Amino acid sequence: MSTNYLEEPIEPSEWLSQAEAARVRGVSRQAIAKLVKKGRVRTLGIGGHVLVNRADIENFTQLAAGRPRKESA
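In structure tokens form, the structure reads like this:
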């Protein structure tokens, strides 16, 4: 049986549940889950729960959706 230890203590105020992150950003929990799946925000897994980094959520800037526009000639 192996035990994993963190090198640095976790500061609880730096991490949010996906539901809390959704409330902070004003988006759905599914939108946060997509960011997690794409690796756009740092995550921390604890006891089957995935927490997201508060600073990453607060500083995240949404990219324009869809394909880039063609430049006009």
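Take 360 as the starting number for the sequence shown in the working numbering and just add one per residue. Glycine included, each C-beta is placed from N, C-alpha and C at the ideal position. Just so it is clear, the structure is predicted and the values come from calculations on it, not from any experiment.
Check: Let me check understanding here. Comparing Cα to Cα, which of I416, L410 and K429 lies closest to S376?; Outcome: L410
Check: Of the residues K429, E430, E417 and S431, which one's Cα is nearest the Cα of V386?; Outcome: E417
Check: Counting C-beta neighbours from all protein chains within 10 Å, is the total for R382 16 or more, i.e. buried, or is it exposed?; Outcome: exposed
Check: Once you ignore the five residues that flank I391 on each side, which residues in its own chain have a CB closer than 6 Å to its CB?; Outcome: Q377, A380 and A381
Check: If we count the other Cβ atoms within 10 Å of its Cβ and call it buried at 16 or more, is R413 buried or exposed?; Outcome: buried
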